[in-house]
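**Student:** Take a look at this one; I'll ask things after.
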Amino acid sequence: MMCKVSFMLVQIMRKHGSQKVFINFPGNRAVEGAVTQSSTFAGWFAEKATDSNRGFKQLNTACTSTLNESNPWWRLDLRDVYRVSEVVITNRNDSYAGQINGAEIRIGISLENNGSNNPICAVISTIPAGESYNFSCNGMEGRYMIVHIPGDWEILSLCEVEVYGYLAENLAVAGASTQSSTSENWFAEKAIDRGLQQLYTGCSSTLSQTNPWWRLDLHHIYRVNRVVITNRNDCCAERINGMEIRIGNTLENNSNNNPICAVIPAIPAGESYSYSCGGMEGRYVNLIIPGDMKILTLCEVKVYGEGKPTSRRDRRIGISLRETNLLRV
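Rendered as C-alpha cells:
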C-alpha cells in the first residue's frame with residue numbers, strides 16, 4: 001500500500017543581460033500528476049498515494065495496495081522531465097512490513113513494460129516497520145517514477161513516497177525551429193511546444209520529398225546529452241523510421257552534414273524514446289530521413305544538455321537552494 005507521494009520542484013530561470021532571476025516554489029506537485037498501479041486491492045486506489053491525506057499515512061484507509069501478483073508496480077507520471085535527487089520511502093507500521101523487501105525504485109521516460117524497464121535508482125533490501133529511508137538518485141532524469149517488486153506472488157505495500165528534485169531544462173523550447181517543407185498546418189514549431197498531444201493537430205510534418213529534414217537552432221553551442229523524440233499516435237507512426245539525429249555547428253547542406261548522434265529504426269505509435277548523444281557539441285539539432293518520397297513527422301522533440309555561455313556579470317550571481325518538501329512536518 002502507498003499513502004503519499006510528494007516532491008518539490010525548484011525552477012530557476014535567468015534572463016541574461018537584465019539579470020532577471022525567477023525562483024518558483026510550487027509545493028507538492030505530485031497531486032497534479034497522473035497515478036496508476038498494476039492492480040488494486042478493494043478500495044485501495046492508486047490515487048490515495050497523492051491525495052494529500054498525511055494524517056493517516058500509515059493506516060489502511062488512506063493507502064493504496066496491489067493484489068498478490070507477478071511484478072506489481074505503482075507509477076507516477078510527473079508530466080515533464082525532472083532531475084530526481086532523492087526518494088524517501090516510509091514503510092507500513094504493522095506485521096506486513098516485509099512486503100516492501102526487494103522493491104526497486106526506477107526513474108526514466110519510457111513506458112516500456114509499464115515503466116519497469118527504466119533505470120534503477122535503488123533497490124530496497126528492507127525497511128523496518130514504520131521507518132523512513134532515504135535513497136539518493138543523484139539527479140537521474142525522468143518523467144515517470146516507478147516503484148516495482150520483481151517476482152511472482154508479490155504485493156506492493158508502501159506507506160509514503162517522497163520525491164525530491166527539480167525540473168530538467170528542455171533546451172528546445174527556447175530554440176527556433178524550421179523544416180524542409182510544411183504539410184498544411186503541420187508547422188515545425190509544433191514539435192517544440194511542450195504539448196503532450198500526439199495526434200496530427202499537435203505535430204509537425206513535411207511534404208513527401210527527398211531527404212526531408214527538421215532543424216532546431218539552440219542559439220548557443222551546447223553539449224547535448226540526450227534527445228527525446230515523441231512519435232505520432234495515429235495512422236502513420238512508420239514515417240519516423242530511419243530518421244537520423246545530427247548535432248553540430250555547420251549550416252552546410254541545411255546542417256545535414258553534421259555528425260550523427262543516433263539513427264532511429266522505429267518508435268512505436270505515441271511513444272517517447274530517448275537517445276544518448278554523449279555530450280556532443282553543437283548549436284543545431286537536425287532530424288533527417290534520407291531517401292526519396294519520404295515524409296518526416298514529429299510530435300515532440302526535447303533536447304537536454306549543458307554549457308550555455310554566460311556573461312561575466314552572470315557568473316558573479318550565486319544562488320544556493322536547498323530542496324525542501326513544503327508539506328513535510
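Counted the way the UniProt record's numbering counts, the sequence shown spans residues 1 to 329. Just so it is clear, CB atoms sit at the ideal spot from N, CA and C, and this is done for glycine as well.
1) Which two residues bound the contiguous beta strand (DSSP E) that contains residue 138?
2) Can you find the residues in the same chain that come closer than 6 Å, C-beta to C-beta, to residue 126, ignoring five residues on each side of it along the sequence?
3) DSSP on residue 291, reduced to helix/strand/coil?
4) Let me check one thing: in DSSP terms, what residues is residue 216 bridge-paired to?
5) Where does residue 35 land, buried or exposed, given buried means 16+ other C-beta within 10 angstroms?
6) In this structure, how does DSSP classify residue 107 when only helix, strand and coil are distinguished?
7) Which residue from 67, 97, 170 puts its Cα closest to that of residue 80?
8) By the DSSP assignment, the beta strand (DSSP E) with residue 80 in it spans what residues?
9) Looking at the ligand ZN, does it come within less than 8 Å of residue 42, judged from the CB to the closest heavy atom?
10) Tell me residue 229's beta-bridge partners as DSSP assigns them.
11) DSSP state of residue 306, grouped into three classes?
12) May I ask you to report which of helix, strand or coil DSSP gives residue 171?
13) Excluding the 5 residues flanking residue 264 on each side, which residues of the same chain have their C-beta closer than 8 Å to its C-beta?
14) Can you tell me whether residue 183 is helix, strand or coil according to DSSP?
15) Roughly how many angstroms lie between the CA atoms of residue 70 and residue 301, to the nearest whole one?
16) I'd like to check one pair, residue 220 with residue 143: are the Cβ atoms closer than 9 Å?
**Tutor:** Reading from the atomic positions:
1) Position 138 of the sequence shown, counted from the first residue, corresponds to residue 138. Per DSSP, residue 138 belongs to the beta strand (DSSP E) from 132 to 148.
2) In the sequence shown, counting from the first residue as 1, residue 126 sits at position 126. Cβ neighbours of residue 126 beyond the five flanking positions: 101.
3) As a working mapping, residue 291 is identified with position 291 in the sequence shown. The answer is coil: DSSP assigns residue 291 none of H, G, I, E or B.
4) The residue given as residue 216 occupies position 216 in the sequence shown. In the DSSP output, where bridge partners are listed per residue, residue 216 has 177, 285.
5) On the sequence shown, position 35 is the one that residue 35 refers to. By the 10 Å Cβ count, residue 35 comes out buried.
6) The residue given as residue 107 occupies position 107 in the sequence shown. In this structure, residue 107 counts as strand in the three-state DSSP scheme.
7) Against the sequence shown, residue 80 aligns to sequence position 80. With distances taken between Cα atoms, residue 80 lies closest to 170.
8) In the sequence shown, the residue the question calls residue 80 occupies position 80. Element bounds for residue 80: 73 to 90.
9) Of the ligands one can find in the structure shown there are none, so the ligand ZN has no counterpart to examine.
10) Taking the first residue of the sequence shown as 1, we reach residue 229 at position 229. Note: residue 229 sits in a beta bridge opposite 273, 301.
11) Along the sequence shown, read from residue 1 onward, the residue named residue 306 stands at position 306. If DSSP states are grouped into helix, strand and coil, residue 306 belongs with the strands.
12) Numbered from 1 along the sequence shown, position 171 holds the residue referred to as residue 171. Residue 171 falls in the helix class under three-state DSSP.
13) Working through the sequence shown from its first residue, we reach residue 264 at position 264. 229, 240, 241, 242, 243, 244, 245, 273, 275, listed in sequence order.
14) Taking the sequence shown and counting its residues from 1, the one referred to as residue 183 is at position 183. Reduced to three states, the DSSP call for residue 183 is coil.
15) Position 70 of the sequence shown, counted from the start, is the residue given in the question as residue 70. Position 301 of the sequence shown, counted from the start, is the residue given in the question as residue 301. About 35 Å.
16) What you label residue 143 is simply residue 143 of the sequence shown in a count that begins at 1. What you label residue 220 is simply residue 220 of the sequence shown in a count that begins at 1. Not closer than 9 Å, so no.
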